[in-house]
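Enquirer:
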Amino acid sequence: MAVTGADSGTRHPAVAPGSDFYYASLYHPAPVREQLRAAAALRAELLGIPPGCSDRGVAHVKLAWWHEELSGTQAPRHDLARALQPLFEAEPAWRARYLALVERLHDALAAAAPADEPALRAWTDNLHGDFAGPLARLARPGLAVDDSVLRELAVDTELLRGVLELRSERRAGPAPFARTTLAGHGLSVASVVEATHTAALGAL
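Position 180 (the sequence shown) corresponds to 238 in our numbering; numbering is contiguous.
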């Protein structure tokens, strides 16, 4: 049962013409560019499931579908999975990386909001850190930058993205702030998730 749309790597909103990733990828040769776009699009597709669902139950169903799709036990049905099949066959660690992300997203749906800033960074690294080095080296094979540096950059980027996209967060998605940060501004996780305007969030 397909419960997600069948967007190809080049049509996915995360890498479509007009997106930041689209323009950045233009600097790479066509074969690398298409592989990068597909890899980034699948990551965005999975990460977009929790905040894009009306409740956690729907998110769990969609994530379960993707776990089956990426398990390699049957021919891929989704365009993104088909586009990445050659990469999965050449480097099985990529398949394992996406499956681990699906499992972490399942767990994150039931997790409490991070209690403080270090916990928030650890939570963000858990979801995003594993892709920092591999995506960078997919773009530039042999890149001589330590993975820990790339992970830190990925965490900073995702935390900033979380703030910028706060208005689109829904009930199923996590709030991109620690509880202590929210409380310091007279807010709670519930008030952020249920907010209908951003006036109260300006201080953040």
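Backbone N, C-alpha and C define an ideal beta-carbon position, used for all residues, glycine too.
Mapping DSSP to helix, strand and coil, what is Glu130?
Expert: The sequence as given places Gly at residue 130; Glu does not occur at that position. Three-state DSSP puts Gly130 in coil, outside helix and strand.
Enquirer: Could you give the DSSP three-state label for Arg135: helix, strand or coil?
Expert: Arg135: coil per DSSP, three-state reduction.
Enquirer: Less than 7 Å between the beta carbons of Glu210 and Thr182, yes or no?
Expert: Contact: no.
Enquirer: Consult DSSP for Val73 and reduce its assignment to one of helix, strand or coil.
Expert: If DSSP states are grouped into helix, strand and coil, Val73 belongs with coil.
Enquirer: For Ala230 and Leu128, I'd like the C-alpha separation in whole angstroms.
Expert: Legend: pLDDT at Ala230 = 46, less than 50; position of this residue unreliable, value from coordinates given subsequently. So the alpha carbons of these two residues sit roughly 23 Å apart.
Enquirer: From Asp137 to Ala96, what distance separates their C-alpha atoms?
Expert: Answer to the nearest angstrom: the Cα atoms are 9 Å apart.
Enquirer: Starting from Tyr81, trace the alpha helix (DSSP H) in both directions and tell me its first and last residue.
Expert: Start and end: 78-83.
Enquirer: Only counting the same chain, and skipping five residues up and downstream in sequence, which positions put a Cβ closer than 7 Å to that of Leu100?
Expert: Closer than 7 Å at Cβ, skipping near neighbours: Leu138, Leu142, Tyr156.
Enquirer: Take Trp152 and list the residues in its own chain whose beta-carbon comes closer than 6 Å to its own, dropping the five residues that flank it on each side.
Expert: Closer than 6 Å at Cβ, skipping near neighbours: Leu145, Phe146.
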